[in-house]
Every structure is written in C-alpha cells, then in structure tokens.
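Remarks on the structure that follows.
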Amino acid sequence: MQSYTFKKKTIREDKIGSIEQLEKIEQTADWLWIDFEDPSKKDFELLSKILKEDPNIIDCIKKLKPLQECKIHHIYHMISASIVNSPENFQVQQIFIILKETQLLTVRTHLSSRLFENLIQKLKDEKALPKVYNPAYIVTEILVEIANQNLEILLSLRENIEKIEEEVVLRPSNKKIVNEVFMLKRELNKFYRLLSYHERVIDKLKDGRISTISPNKRDIVVLEETKDRISQELVFLQSYDNSLDGILRLQDLGMIHRVESRLINLTWVIVVMEIILLLLEFGVIDLLMGN
141 MQSYTFKKKT IREDKIGSIE QLEKIEQTAD WLWIDFEDPS KKDFELLSKI
191 LKEDPNIIDC IKKLKPLQEC KIHHIYHMIS ASIVNSPENF QVQQIFIILK
241 ETQLLTVRTH LSSRLFENLI QKLKDEKALP KVYNPAYIVT EILVEIANQN
291 LEILLSLREN IEKIEEEVVL RPSNKKIVNE VFMLKRELNK FYRLLSYHER
341 VIDKLKDGRI STISPNKRDI VVLEETKDRI SQELVFLQSY DNSLDGILRL
391 QDLGMIHRVE SRLINLTWVI VVMEIILLLL EFGVIDLLMG N
C-alpha cells in the first residue's frame, strides 16, 4: 500500500503498514492519498478501519464489483470506475475512488498500473500542476485517464470492425465472421453501459454533487471536455453496431449469391442431362456414332 502525502505544493511517498503509521503521517499533511494496488488481507483490514464500514461494503470492494451509482456515506463518498484492459482480452476492471475530508483512497488491481504511473509522473512535473494540490485535481485526472484508455480501446474495436468488413467482401462464406461479429456486438454493448456510467460520474463531480470535494474551474473545464468526447463516442457506438449489422447482411447476400451460382450450375447440368436422355431416347446418339 502506497501513500502520497500532500502539503501545499509538495508531495511525499511512503509505504503504509499500520493504522498508527497512517495517523502519524496524516498529522504532517494537508491531505493524504492512499493507493491500494492488489490489496492483501492486511490491506483490507486497514481499509476497513479507515472506512469504519460494514463487512458487506468491504466484501464488494474485495471482489471489485461495480457500483451502479456513487455510494454516499456520512464520512465518505465512494465511486467505482470501469477500465478495459485491451481489445484482445476484453476484461473490465474496477477502480474504487473513496473520498473523505482529508483522505483520498484508491483500490485497484495491477492491471491499471500504467494509468496510475502516468498520473504520478504528472504529479511530479511541477510545471503541469496547480499552485496547490487538492483531491479534486487527482480525481479529475484519474477519471480523464480512465476515459482516455477506454476510448483508445474503443478505437481498436472500430479498426477490428473495418477489418471484418474487408474480410466479408473477400470471403463471405467464412463462418468465423458471424462469431466475430456477435462477440464485437457484445463488447460494444458493454462499452455503451461503461461509458454511460462514466459520463454520469463526471456529471456528479463537475456539478458539485460529490460533497467531499470541490473541483475548481480548471477541473470543470477538463471534465466537460472529457464528457463531450464520451458523448460523441456514445453516438458513434450506434453507428458501429449498425456497421456490424451491415456485415451480417452482406454475408447473407454473399451466401445467397453463392447458392444462386450453384443452383444455376446445377440447372445447366440438369438441362444437359435431359438433352442427352432425349437424344438417347430418339436414337440420335446411335446415328451419330454410326450404329
């Protein structure tokens, strides 16, 4: 478990092993960010002490189950955000963001490490930072980075759709295409739900409906830009789905054309056979052969 202690424009990293150590570090800071990556049993015990929460919520976090809406508690506010790993291995991972008055907690797996490493590196670049660190800045950046990665994966799915469109023109009878199309349709459906929820979370934050933090003007502008990009992709998702339906129709037409070609060839064979039978019946073939 890693902690990042913020005091004005300074940041300090520490490893946390106990609640006592946490309380001692917290006394020297304006606020504290605690990041639980692949939390152990001991980490969850510490998290339970921090949240003073019932076992059901801790169990939900342990299993990384998504929250349908932000959970509001009298001492904290909890958000879950979904992130997709890769288009090849379509796994959706949850990142829990828990907001208290002087603490920001994140619970996640190592699969989101790249995202958080980029954020930490950005925090260390003073030129890119506001005059004073604040939790709203961190939460905004996390939500933006999650959106960036998800939209990047969505672009890869679009490229996969284009490849299938090219393949169905060349080989309309390829049965694998149907399986690929329905797999992509399921993934697009998941993406629609995922992006819609992410859009609602951004709305809650930028509209000030998460009482434990207050985004400034810069954060609100960044959140609005991210929401606009998500909204555009939600519109495009319907066109992607229509493209997949078009692939299925094109494959059906290709199969029909192939069957028609075979029927035409079969018809010619039947016609030739009937002509031969008629010639045999009237003895024309015997005459031609000199019998």
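141 is the number of the first residue of the sequence shown in the working numbering; add one for each residue after it.
Every residue gets a Cβ at the ideal spot worked out from N, C-alpha and C, and that includes glycine.
> Taking the alpha carbon of residue 231 as the point to measure from, which residue in 160, 310, 175 and 334 has its own alpha carbon closest?
Replying inline: Stepping through the sequence shown from its first residue, residue 231 is reached at position 91. Measuring from the Cα of residue 231, the nearest candidate turns out to be 334.
> Does the Cβ of residue 396 have 16 or more other Cβ atoms within 10 Å, making it buried, or fewer, making it exposed?
Replying inline: In the sequence shown, the residue the question calls residue 396 occupies position 256. Its pLDDT being 49, under 50, residue 396 is placed unreliably in this model, and the value from its coordinates should be taken loosely. So residue 396 counts as exposed.
> What does residue 160 pair with, by DSSP beta-bridge criteria?
Replying inline: Here the question's residue 160 lines up with position 20 in the sequence shown. The partner list for residue 160 (beta bridge, DSSP) is empty, contrary to what the question assumes.
> Closest to residue 388 by CA distance: which of 352, 320, 175 and 339 is it?
Replying inline: Locating residue 388 in the sequence shown gives position 248, counting from the first residue. The shortest Cα separation from residue 388 among 352, 320, 175 and 339 belongs to 320.
>> Could you check whether residue 243 and residue 172 sit closer than 7 Å to each other, using their CB atoms as the reference points?
In response: Locating residue 172 in the sequence shown gives position 32, counting from the first residue. Locating residue 243 in the sequence shown gives position 103, counting from the first residue. A contact, by the Cβ cut-off of 7 Å.
> Which partner residues does residue 150 have in the DSSP bridge list?
Replying inline: Taking the first residue of the sequence shown as position 1, residue 150 is located at position 10. Answer is 147.
> For residue 372, does the three-state DSSP call read helix, strand or coil?
Replying inline: Within the sequence shown, the letter at position 232 stands for residue 372. Of the three classes helix, strand and coil, the one that applies to residue 372 here is helix, per DSSP.
> Buried or exposed: which applies to residue 250, given that a residue is buried once 16 or more other Cβ atoms fall within 10 Å of its Cβ?
Replying inline: Along the sequence shown, one-based indexing puts residue 250 at 110. Exposed: under 16 other Cβ atoms inside 10 Å.
>> Within the continuous alpha helix (DSSP H) that includes residue 350, where are the two ends?
In response: As a working note, residue 350 is residue 210 in the sequence shown. It is not in any alpha helix (DSSP H) - residue 350 carries neither H nor E in the DSSP assignment.
>> Less than 6 Å between C-beta atoms, sequence neighbours within five positions excluded: which residues of the same chain meet that for residue 350?
In response: To locate residue 350, count along the sequence shown from 1; it is residue 210. Here the set comprises 217 and 344.
> Nearest to residue 182 by CA position, among 167, 198 and 169, is which residue?
Replying inline: Here residue 182 refers to the residue found at position 42 of the sequence shown. Out of 167, 198 and 169, 198 has the C-alpha closest to the C-alpha of residue 182.
> For residue 162, which residues from the same chain have a beta carbon less than 8 Å from its beta carbon, with the 5 sequence-adjacent residues on both sides left out?
Replying inline: Translated into the one-based positions of the sequence shown, residue 162 becomes position 22. Closer than 8 Å at Cβ, skipping near neighbours: 143, 156, 172, 174, 186 and 190.
> Among all the DSSP beta bridges, which residues are the ones paired with residue 173?
Replying inline: As a working note, residue 173 is residue 33 in the sequence shown. Partner(s): 144 and 244.
> Could you check where the beta strand (DSSP E) with residue 253 kicks off and where it finishes?
Replying inline: By 1-based counting over the sequence shown, the position of residue 253 is 113. Premise fails: residue 253 lies in the alpha helix (DSSP H), 253–264, not in any beta strand (DSSP E).
> Where does residue 240 land, buried or exposed, given buried means 16+ other C-beta within 10 angstroms?
Replying inline: For the purposes of this step, residue 240 is taken as the residue at position 100 of the sequence shown. That one is buried.
> When burial is assigned at 16 or more other CB atoms within 10 Å of the CB, is residue 252 buried or exposed?
Replying inline: In the sequence shown, counting from the first residue as 1, residue 252 sits at position 112. Around the C-beta of residue 252, 16 or more other C-beta atoms lie within 10 Å, and the residue is accordingly described as buried.
> Between the Cα of residue 246 and the Cα atoms of 265, 221 and 258, which residue gives the shortest distance?
Replying inline: On the sequence shown, position 106 is the one that residue 246 refers to. For residue 246, the nearest C-alpha among the options comes from 221.
> Which residues mark the beginning and the end of the alpha helix (DSSP H) in which residue 236 is found?
Replying inline: Position 96 of the sequence shown holds residue 236. Careful: residue 236 lies outside any alpha helix (DSSP H), inside the beta strand (DSSP E) at 232–239.
> In terms of residue numbering, what span does the alpha helix (DSSP H) encompassing residue 188 cover?
Replying inline: Start at 1 with the first residue of the sequence shown, and residue 188 comes out as number 48. Here the alpha helix (DSSP H) through residue 188 covers 181–191.
> With a Cβ-Cβ cutoff of 7 Å, do residue 353 and residue 275 count as a contact?
Replying inline: For this step, residue 353 is matched to residue 213 along the sequence shown. For this step, residue 275 is matched to residue 135 along the sequence shown. The Cβ-Cβ distance between residue 353 and residue 275 falls below 7 Å.
>> For residue 302 and residue 224, I'd like the C-alpha separation in whole angstroms.
In response: In the sequence shown, the residue the question calls residue 302 occupies position 162. In the sequence shown, the residue the question calls residue 224 occupies position 84. Roughly 21 Å separates the two Cα atoms.
>> Within 10 Å of its beta-carbon, does residue 295 have 16 or more other beta-carbons around it, so buried, or fewer, so exposed?
In response: Position 155 of the sequence shown, counted from the first residue, corresponds to residue 295. Counting of Cβ neighbours within 10 angstroms places residue 295 among the exposed residues, the total staying below 16.
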